[in-house]
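J.: Attaching a single structure in C-alpha cells format; questions to follow.
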Amino acid sequence: MAFSSYVRTLRYLWSSLTLKIRIFIDKSIQLAGPFYIFLAVTLISCIIYLFFTTILPSIHSVNSFKGISHVIISIWLIFNVFFNYIYCIKTDPGSPSDFTDVEHDSISSSNGQEASGVAMRWCKNCQKAKPPMTHHCHICKRCILKMDHHCPWMHNCIGFFNYRFFFLFLFYLWIGCAYTTYMASIPLQATDEDEDITQILFTFVLAIAVFFALTGLFWFHVYLVLSAQVYIKFRFSFAFFNQHIYQDLLKS
Ligand SMILES: [Zn+2]
Ligand SMILES: [Zn+2]
C-alpha cells in the first residue's frame, strides 16, 4: 500500500475516533445535567446554612440592629442568586424559529452588521437557516440564537433569551462569596485556641474557593459584554488568531 493510502486510512480512523469521543462527551454532559444542578444547589445551600447557623451568630446577635442588617443583606443576595439561577435554567435560550424581525435587527446590530446585508448560513443538522451569531449546539441538538456556550451547571444553553440571567447569577454569586469570605474571616481572627472553628474554617475555604473560581469567569463575561461578543465567537477568533501565528511561524 502506498504511503498516501496509509495516511488517508489513519486520518479516517482518527476522525471517526474523535467523532465517537465527542458524541460520548456530549451525551455524558446531557445526562449529568441534573447532577450538576443538584451539586450547585447543595454547595450554595451549604454556605447559606453555615452562614446563618455559625458565622453570623458568632459576630452579631440576630436581634441587634447590625444582626438584622446582615440578615436583610444576606436574604437579598440569596434571593437574587436563586432567582437568576432558576430563570437561567428554565428560560429557553431561543432558536431561529422564535425570533421576530425586531430581535433579528437587535442581534444583527449588536454584531455590527445590518440585518439586510447579512447572508444567512445554513444548519445541515436542523435543515434551517441560521441568523447571525446562531450556532448549532451538539448537546441540545438544535440551533441556539446568539449562542454563548452550553452550560452544564444550568443544564441549558446560554443564548439570546437567558444570557442576562446567567450574567446576573455570576454577579450575585460572586458578591455573595466575597461577602461570606469577609464575614467568616472576622470570627477566624478573633477566636481563642480552645474554640472549635472547624465549621467557620470550612465555610471560609469553600466561599473563597468559589470566589476565586468565579472572579475569572465573571470578569471575562464583563469583557465579552463590553466588547459585544459571545464566548463562542471569542473562541473562534482566538483559534483563528493562533492559526495565523502558527502559519507565520512556519513561513519565517
Ligand atoms: Zn442546527
Ligand atoms: Zn446546548
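Per the numbering used here, residue 6 is the first one in the sequence shown, and the count goes up by one each step.
Glycine included, each C-beta is placed from N, C-alpha and C at the ideal position.
1) For the candidate residues GLY221, GLY181, VAL67, whose alpha-carbon lies nearest to that of ALA212?
2) Excluding five sequence neighbours on each side, which residues of the same chain lie with their C-beta closer than 7 Å to the C-beta of PHE170?
3) Hey, how far is the Cα of THR185 from the Cα of ILE237?
4) Consider the C-beta atom of ASN130 and the heavy atoms of ligand 1; say whether any pair is separated by less than 7 Å.
5) List the endpoints of the continuous beta strand (DSSP E) containing ILE60.
6) Can you give me the C-alpha to C-alpha distance between TYR168 and PRO98, rounded to a whole angstrom?
7) Please state whether DSSP places HIS154 in a helix, a strand or coil.
8) So the candidates are ALA45, ILE163, HIS155; which of them puts its Cα closest to the Cα of ASP31?
9) Confirm the yes/no value for this check: CB of HIS3, any heavy atom of ligand 2, distance under 7 Å.
10) Give the C-beta separation of SER190 and ARG147 to the nearest angstrom, bearing in mind that I take them to be a contact with Cβ-Cβ under 8 Å.
11) Rounded to a whole number of angstroms, what is the C-alpha to C-alpha distance between CYS162 and MET152?
12) Could you give the distance in angstroms between the alpha-carbon of ARG13 and the alpha-carbon of CYS131?
13) Across which residues does DSSP place LYS135 in a beta bridge pair?
14) In whole angstroms, give me the CA-to-CA distance for SER20 and LEU150.
15) Looking only at its chain, what residues have a beta carbon closer than 8 Å to the beta carbon of ARG27, apart from the 5 residues adjacent to it on each side?
16) Mind listing, in chain order, the continuous beta strand (DSSP E) runs of no fewer than 3 residues lying wholly within the stretch 145–221?
T.: The structure says:
1) Within the sequence shown, the letter at position 207 stands for residue 212. Comparing alpha-carbon positions, the option among GLY221, GLY181, VAL67 lying closest to ALA212 turns out to be GLY181.
2) Taking the first residue of the sequence shown as 1, we reach residue 170 at position 165. Once the five neighbours on either side are set aside, the close Cβ partners of PHE170 are ASN89, TYR92, CYS93, THR96.
3) Here the question's residue 185 lines up with position 180 in the sequence shown. Here the question's residue 237 lines up with position 232 in the sequence shown. Each residue's alpha carbon lies about 32 Å from the other.
4) Within the sequence shown, residue 130 is the residue found at index 125, counting from 1. Checking every heavy atom of ligand 1 against the Cβ of ASN130, one is found closer than 7 Å.
5) One-based indexing of the sequence shown puts residue 60 at position 55. Run containing ILE60: none; DSSP gives neither H nor E here.
6) Position 163 of the sequence shown, counted from the first residue, corresponds to residue 168. Position 93 of the sequence shown, counted from the first residue, corresponds to residue 98. Spanning the two alpha carbons is a distance of roughly 8 Å.
7) Along the sequence shown, read from residue 1 onward, the residue named residue 154 stands at position 149. Reduced to three states, the DSSP call for HIS154 is strand.
8) On the sequence shown, residue 31 is found 26 positions in, with the first residue counted as 1. The candidate whose alpha carbon is nearest that of ASP31 is HIS155.
9) It is not possible to answer for residue 3, since the shown part of the chain is limited to 6 through 257.
10) As a working note, residue 190 is residue 185 in the sequence shown. As a working note, residue 147 is residue 142 in the sequence shown. Between ARG147 and SER190 the Cβ distance is about 46 Å, and since that is not below 8 Å, they are no contact.
11) Here residue 162 refers to the residue found at position 157 of the sequence shown. Here residue 152 refers to the residue found at position 147 of the sequence shown. When rounded, the distance between both Cα atoms is 7 Å.
12) Residue mapping note: residue 13 aligns to position 8 of the sequence shown, counting from 1. Residue mapping note: residue 131 aligns to position 126 of the sequence shown, counting from 1. So the alpha carbons of these two residues sit roughly 30 Å apart.
13) Taking the first residue of the sequence shown as 1, we reach residue 135 at position 130. ARG126, per the DSSP bridge assignment.
14) For this step, residue 20 is matched to residue 15 along the sequence shown. For this step, residue 150 is matched to residue 145 along the sequence shown. Looking at the two C-alpha atoms, the distance is approximately 28 Å.
15) On the sequence shown, position 22 is the one that residue 27 refers to. Correct list, in chain order: HIS143.
16) List check, beta strand (DSSP E) in window: 147–149, 154–156, 161–163.
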